[in-house]
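Undergrad: Protein chains in written order, with the working numbering: chain Z, 17 to 153; chain V, 17 to 153; chain U, 17 to 153; chain G, 17 to 153.
Each residue gets a CB set at the ideal place from its N, CA and C atoms; glycine is no exception.
Number of protein chains: 4
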Amino acid sequence: MTIAEIEELCGDSLPWVAMLGFTIEDIGKGTCRVRLPQRDEFLRPGGTVSGPALMSLADYGMYVAVLSAIGRVELAVTTNLTCNFLRRPKPGAVVADCRLIKLGKRLAYGEVSLFSEGDEAQGPVAHVTATYSIPPA
Amino acid sequence: MTIAEIEELCGDSLPWVAMLGFTIEDIGKGTCRVRLPQRDEFLRPGGTVSGPALMSLADYGMYVAVLSAIGRVELAVTTNLTCNFLRRPKPGAVVADCRLIKLGKRLAYGEVSLFSEGDEAQGPVAHVTATYSIPPA
Amino acid sequence: MTIAEIEELCGDSLPWVAMLGFTIEDIGKGTCRVRLPQRDEFLRPGGTVSGPALMSLADYGMYVAVLSAIGRVELAVTTNLTCNFLRRPKPGAVVADCRLIKLGKRLAYGEVSLFSEGDEAQGPVAHVTATYSIPPA
Amino acid sequence: MTIAEIEELCGDSLPWVAMLGFTIEDIGKGTCRVRLPQRDEFLRPGGTVSGPALMSLADYGMYVAVLSAIGRVELAVTTNLTCNFLRRPKPGAVVADCRLIKLGKRLAYGEVSLFSEGDEAQGPVAHVTATYSIPPA
């Protein structure tokens, strides 16, 4: 699937994604970069992006990576998501680089590294691993 | 802190919480029940509540549980959150029972069991563990 | 299955369990208490029990809890284990209380609280969640 | 620290490592490859390497990676270890590639990819993330 096709699918079926303003910056075979825009709603005390906004972005990125690898599977669902928060993000946009580590028939497993946009050299602000369950065709 | 005091603090400082409509149903010493209302924005294909909405609720519940135990610490931040999704939630409200397992000077660790409201007997839809870092006073 | 039946099964098929000297202290329907004895091999600098010995005990306890609930399934395998280390164990025996949170046809999920034996009132030294995959009958 | 220095330190202070026969195959600045030899004690039903042996290897690899980056810190301890088991290992030796993702003053966080030796092209048998707490100097 192309970026446009995935964004159309998610725009129709995932109001959460539309509400948060996620976009897809880049896509490969089992990889992608997705982006959380800067918004006041995502900030928390200390002028930093809230943890749930980061986890939501990572979960979306994993879904896009699965779609990039196996095509349209609307009912794929997360079974486990583990997030380690590593440093305070700056109060701006966040990008997430996603990569599938294993793609089986029933499960996909991957990792996501999240960065404050423009500040990638400082290292990731969070690192996520996640497992998606893929329904039988 | 009382429910009213915590909700006022979060209403002022956490626009994310206000946007999602979280409420506190009950509070103890290191425990609480928080609630995610029914909203179309939280649904995903298959008529179920999206994973990120569940994780956001659990993260909020842990923060409330920390505040209930040690009082006002606006800058406490999550360092790890692990979510296991156990069954499909019904397309309605979700409640989350939170409990601190360890409360140290610098770290709080606890667990959260999430249920479709009114459907608690079916068992949890998700189970979360999380670690919060508490800043020095 | 009874304690004696499970210990005989594991004694025959799991040399790892025999090598480490695990025992089953108590068993219920989807619950159990297992025990790691005191041994110099399990200690590490600072006079504390090594993390891998604790994780091994928790993984064993989850397997016993699964067997207690569904009977003999030799090929059940762990798919995820998450361990949070909460305080330094004393250099002695460790007990682990295990509880299944969900038991489905294909997956079992549960939690394990580990304590220094005789020191349970201090709170757990570690807390584990784990998922087991159950093979089709 | 060199491989010989780290192996001498661990041989003196970590009887667990000696008991399991771990070795260091390669070391960099914040990276390493460690190895679990083939032994009957590590096998479980189905002719595969037991999960706890894999987690023990990953925990050791993270410790070696920390030592490689900051030198002798005997009292560094794991605070969280999350293991996802991805495919059945072959009943032989296992190698683990470790990499620090963040190295702060008080915390190190990294990931470990484990492979059946000689079978790396099949993809990892397990993937681990772990956090180490570094004591003040």
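Roughly how many angstroms lie between the CA atoms of V:Ser-29 and V:Leu-91, to the nearest whole one?
TA: Rounded to whole angstroms, V:Ser-29 to V:Leu-91 spans 10 Å at the Cα level.
Undergrad: For V:His-143, verify whether its CB is less than 7 Å away from any heavy atom of the ligand GTP.
TA: Judged by which ligands are present, the structure shown has none, so any question about the ligand GTP falls away.
Undergrad: Contact criterion: CB-CB distance below 8 Å. Does U:Thr-98 meet it with respect to chain G?
TA: By this cut-off, U:Thr-98 is an interface position.
Undergrad: Can you give the Cα-Cα distance for V:Gly-67 and V:Leu-130, rounded to whole angstroms?
TA: Cα to Cα, the separation comes out at about 11 Å.
Undergrad: Give me the Cα-Cα distance between V:Pro-107 and Z:Val-144, rounded to the nearest whole angstrom.
TA: Going from the Cα of V:Pro-107 to the Cα of Z:Val-144 covers about 27 Å.
Undergrad: Within 10 angstroms of the Cβ of V:Ala-137, are there 16 or more other Cβ atoms? Answer buried if so, exposed if not.
TA: Exposed is the call here.
Undergrad: Taking beta-carbon pairs under 9 Å, can you tell me which members of the stretch 43-55 of chain U lie near chain V?
TA: Those residues of the stretch 43-55 of chain U that come within reach of chain V (Cβ to Cβ, closer than 9 Å) do not exist; the list is empty.
Undergrad: Name the residue from V:Asp-75, V:Met-78, V:Arg-103, V:Lys-45 whose alpha carbon lies nearest to the alpha carbon of V:Thr-18.
TA: It is V:Lys-45.
Undergrad: Three Cβ pairs or more, each shorter than 8 Å: is that satisfied between the stretch 111-121 of chain G and the stretch 53-62 of chain G?
TA: Taking 8 Å as the limit for Cβ pairs, the verdict is that the stretch 53-62 of chain G does not touch the stretch 111-121 of chain G.
Undergrad: Assuming V:Leu-97 contacts Z:Cys-99 (C-beta within less than 8 Å), just tell me the rounded distance between them.
TA: V:Leu-97 to Z:Cys-99, Cβ: 5 Å. Contact.
Undergrad: Report the neighbours of G:Tyr-76 on chain Z: residues whose CB is nearer than 8 Å to its CB, in chain order.
TA: Simply none; closest approach about 20 Å.
Undergrad: Would you mind reading off the limits of the alpha helix (DSSP H) that contains U:Asp-75?
TA: Element bounds for U:Asp-75: 67-86.
Undergrad: Just curious, the beta strand (DSSP E) that Z:Glu-127 is in, first and last residue?
TA: It spans 123-132 - the beta strand (DSSP E) in which Z:Glu-127 sits, taken as one unbroken run.
Undergrad: With distances taken from CA atoms, which of Z:Glu-41, Z:Arg-103, Z:Gln-54, Z:Lys-121 is nearest Z:Tyr-76?
TA: Looking at the Cα atoms, Z:Glu-41 is the closest of the given residues.
Undergrad: Compute the Euclidean distance between the alpha carbons of U:Gly-126 and U:Met-78, then round it to the nearest angstrom.
TA: Rounded to whole angstroms, U:Gly-126 to U:Met-78 spans 7 Å at the Cα level.
Undergrad: In chain order, what residues of the same chain have a beta carbon less than 6 Å from the beta carbon of Z:Ile-43, not counting five sequence neighbours either side?
TA: Here the set comprises Ile-19, Ser-84.
Undergrad: Which residue's Cα is closest to the Cα of U:Ala-112: U:Gly-120, U:Trp-32, U:Arg-122, U:Ser-132?
TA: Cα-wise, what sits closest to U:Ala-112 is U:Ser-132.
Undergrad: Name the chain Z residues whose beta carbon is nearer than 7 Å to that of V:Gly-87?
TA: Chain Z residues near V:Gly-87: none, gap ~15 Å exceeds 7 Å.
Undergrad: Does chain G have any CB closer than 8 Å to the CB of U:Arg-60?
TA: Judged by the 8 Å Cβ criterion, U:Arg-60 is in contact with chain G.
Undergrad: Please classify Z:Ile-19: does DSSP put it in a helix, a strand, or coil?
TA: DSSP places Z:Ile-19 in helix when its eight states are reduced to three.
Undergrad: Using the Cα positions of Z:Thr-47 and Z:Ala-124, report the straight-line distance between them to the nearest angstrom.
TA: Looking at the two C-alpha atoms, the distance is approximately 12 Å.
Undergrad: Nearest-angstrom Cα distance between G:Gly-37 and Z:Thr-95?
TA: Whole-angstrom Cα-Cα distance: 35 Å.
Undergrad: What residues in the stretch 128-146 of chain Z have a beta carbon less than 7 Å from any beta carbon of chain G?
TA: For the stretch 128-146 of chain Z, which is checked against every Cβ of chain G, the residues closer than 7 Å are Gly-139, Pro-140, His-143, Thr-145.
Undergrad: If you run the structure through DSSP and keep just helix, strand and coil, what is Z:Val-141?
TA: Z:Val-141 falls in the coil class under three-state DSSP.
Undergrad: What does V:Ile-43 pair with, by DSSP beta-bridge criteria?
TA: V:Ile-43 pairs with V:Cys-48.
Undergrad: Closer than 8 Å, CB to CB, is V:Leu-102 near chain U or not?
TA: Yes - at least one Cβ of chain U is within 8 Å of the one on V:Leu-102.
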